[in-house]
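Notes to accompany the following structure.
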Amino acid sequence: MEVSYENEGYDNDYQSKSKGSILTRKNNTMPMWGNERTMNLNTLILTNIQSSHYFKVNLYELKTYHEVIDEIYYKVQHLEPWEKGSRKTSGQTGMCGGVRGVGAGGIVSTAFCLLYKLFTLKLTRKQVYSTSW
Numbered sequence: 000m001e002v003s004y005e006n007e008g009y010d011n012d013y014q015s016k017s018k019g020s021i022l023t024r025k026n027n028t029m030p031m032w033g034n035e036r037t038m039n040l041n042t043l044i045l046t047n048i049q050s051s052h053y054f055k056v057n058l059y060e061l062k063t064y065h066e067v068i069d070e071i072y073y074k075v076q077h078l079e080p081w082e083k084g085s086r087k088t089s090g091q092t093g094m095c096g097g098v099r100g101v102g103a104g105g106i107v108s109t110a111f112c113l114l115y116k117l118f119t120l121k122l123t124r125k126q127v128y129s130t131s132w
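Everything in the sequence shown is counted per numbering that gives the first Met the number 0, starting at 0 for the first residue and increasing by one.
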């Protein structure tokens with residue numbers, strides 16, 4: 000689908016665009032669903048992302064969509080929220096024992112830090128649908 004973009008107005012309404020149509024800034028803005036601050040992430044995961052050294056130092060330096068995409072390409076090895084072996088679930092019993100996302104956290108994964116970084120960049124429709132990466 001070939002689409003061109005212009006910078007006019009803002010609107011979160013999405014309308015299907017046919018080949019050769021023009022997207023303006025108003026329909027290039029991605030609508031936000033849910034909490035605009037937490038991205039609807041689990042509180043434990045969000046807290047660990049925001050307090051992680053990787054997010055506060057390494058990802059702070061990345062300012063553009065393309066820099067973050069490069070970081071994803073070179074650094075992401077898996078898509079789980081926690082790094083393997085970093086969660087301690089041995090002391091938990093009952094319904095919480097060994098349940099993903101419940102109880103003690105661990106080291107949050109690179110993938111989830113990068114996902115939250117993309118969220119903070121407020122991506123446009125053009126960036127989300129991009130196939131350049």
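By construction, the Cβ of each residue, glycine as well, lies at the ideal position given by its N, Cα and C atoms.
In the structure shown, residue 56 falls within a helical segment according to DSSP collapsed to helix, strand and coil. For the set 35, 68, 111, the Cα lying nearest the Cα of residue 82 is the one of 111. DSSP, read as helix, strand or coil, puts residue 75 in coil. Nearest in C-alpha terms to residue 106, of all of 117, 115, 87, is 87.
If you draw a straight line from the Cα of residue 56 to the Cα of residue 26, it is about 33 angstroms long. Here residue 108 is buried, its C-beta having at least 16 other C-beta atoms within 10 Å.
Around the beta carbon of residue 80, a 10 Å sphere encloses 16 or more other beta carbons of the protein chains shown; the residue is thus reported as buried. Beta-bridge analysis with DSSP links residue 46 to no other residue.
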